[in-house]
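Read through the structure below, which is laid out as structure tokens, and then see the notes.
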Amino acid sequence: MELFSIKARSSREDIHISGAERIVSIKELEKTVLNILKKVNRENADFISIKIEKLDRKPIILKKSLCIKELKFSNFREANSFAIDYLSEITGIKKERLSYLIALIHSGASPNGENMRGAMIVNQRGERLELDRYRGVRTTTVDFIYREDILKRLLDLGFTERTLDALALSTKNLYNENILAEYCVSDDRDYITGYIATKEEYIRIFPLKEKGNRKGGRIYFVKNDTDINELYNYLENYPILIKDVCLKKI
Ligand code: COA
Ligand code: AMP
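Take the sequence shown: its letters are residues 1 to 250, numbered as in my numbering.
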């Protein structure tokens, strides 16, 4: 079956506001374009882009997403202290270095002190590998096959659409053999739930950042011998479709 990728984004005065993407069949195309337009068409946007491309290769089909788990802490400092301990165990990176990198995400990791436009990439020596530190890398071309059903199930459990999108993105990331873990805090000043993704789990952590902070970002932790161009190619171009969501730990 022919599949199409739809990518939409909006901005104002060249500042990104919102992005969304879907992978659908030709039959679903028109309806989905309208839905995605609604999603990114925020009141203050002065530019909206919708890009439709036929997939140039067969997507990899994954049976399940990472398994969702939830952890609550009394404040964002305690939550980040847990995150640093856990990420240090997984990656072997020294806690001081992790602490520095995470603080950078919370204060704007781009060289101009703003948020990066994509994720930071860090190897097991704690070295940053992005080809451009303003941009980082963006994971795209991933979706759930039965997106609406899964969204409904997640909403019924008290999760948000944001969880669904982030779960898709991190499931694609962690499927890559070179990515060991991911750390994420939103750049939305009011959204303080973040997550760590590992090879098995998507761990939602509340609160992972301080309320009111509009800085955020992602860190992809990779193996030392990662070929960086191959990694960009996988994250940006390889289509992935996920069948089901893993809820077994809830
Ligand atoms: N943050 C900041 N700027 C962004 C951005 C983001 N998330 N996405 C796009 N931009 C801006 C950048 O200026 C970018 O230029 P750059 O490549 O030099 O950084 C410019 O838009 C063009 O980006 P491009 O990647 O060509 O956009 P696109 O039209 O292919 O759309 C999106 C990509 C917006 C769909 C993608 O970035 C995105 O946000 N996807 C949603 C992720 C998601 O939720 N996936 C789960 C699906 S279930
Ligand atoms: P969000 O979860 O949308 O609030 O995004 C938080 C941060 O993650 C952004 O500020 C970017 O630095 C980064 N980011 C956004 N979209 C992507 C993506 N598709 N892939 C990797 N990083 C992203």
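Every residue gets a Cβ at the ideal spot worked out from N, C-alpha and C, and that includes glycine.
Here the structure is a predicted model, which is why all the values come from computation and not from measurement.
#### Entry: Top-ranked residue by Cα proximity to Asp-132, from Ser-49, Ile-228 and Asp-190
Ile-228
### Query
Is the beta carbon of Ile-102 sitting closer than 7 Å to the one on Asn-123?
no
### Query
In the DSSP assignment, what residue or residues form a beta bridge with Gly-194?
Ile-205
### Message
Could you tell me the alpha carbon to alpha carbon distance between Phe-159 and Arg-204, rounded to whole angstroms?
### Response
10 Å
### Query
Can Met-116 be considered in contact with ligand 2, in the sense that its beta carbon sits closer than 6 Å to one or more heavy atoms?
yes
### Query
When you compare each of Ile-52, Glu-2 and Ser-11 to Arg-264 by their alpha carbons, which one comes out closest?
In the structure as shown, the chain starts at 1 and stops at 250, and residue 264 therefore has no counterpart that could be examined.
### Query
What residue range is occupied by the uninterrupted alpha helix (DSSP H) comprising Ala-83?
76 to 91
### Query
What number of angstroms, rounded off, separates the C-alpha of Phe-206 from the C-alpha of Glu-78?
10 Å
### Query
What three-state label does DSSP hand Lys-223 in the structure shown?
coil
### Query
Which runs of the beta strand (DSSP E) spanning at least 3 residues fall entirely within the segment 93 to 132, listed in chain order?
120 to 122
### Query
Taking Cβ positions, are Ser-88 and Leu-98 nearer each other than 7 Å?
yes
### Query
Within the 7 Å Cβ cut-off, does Lys-72 reach chain D?
Looking for chain D here will not work: only one protein chain is present.
### Message
Helix, strand or coil, according to DSSP, for Lys-199 in the structure here?
### Response
coil
### Query
Name the DSSP beta bridge partners of Asp-244, please?
Lys-64, per the DSSP bridge assignment.
### Task
Assign Ser-25 to one of two classes, buried (16 or more other C-beta atoms within 10 Å of its C-beta) or exposed (fewer than that).
exposed
### Query
What residue from Phe-73, Lys-54, Met-116 and Ile-50 has the CA that sits closest to Tyr-195's CA?
Phe-73
### Query
For the beta strand (DSSP E) that contains Tyr-183, what are its first and last residues?
179 to 185
### Task
Use the C-beta contact count for Asn-237: other C-beta atoms within 10 angstroms, 16 or more gives buried, fewer gives exposed.
exposed
### Task
Have a look at Asp-143, Gly-136 and Leu-154 and flag the residue whose alpha-carbon is nearest the alpha-carbon of Ile-242.
Asp-143
### Query
By a C-beta neighbour count over all protein chains shown, 10 Å radius and 16 as the cutoff for buried, is Ser-49 buried or exposed?
exposed
### Task
Compute the Euclidean distance between the alpha carbons of Glu-230 and Leu-247, then round it to the nearest angstrom.
31 Å
### Query
Do Gly-118 and Arg-135 have their C-beta atoms closer together than 7 Å?
yes
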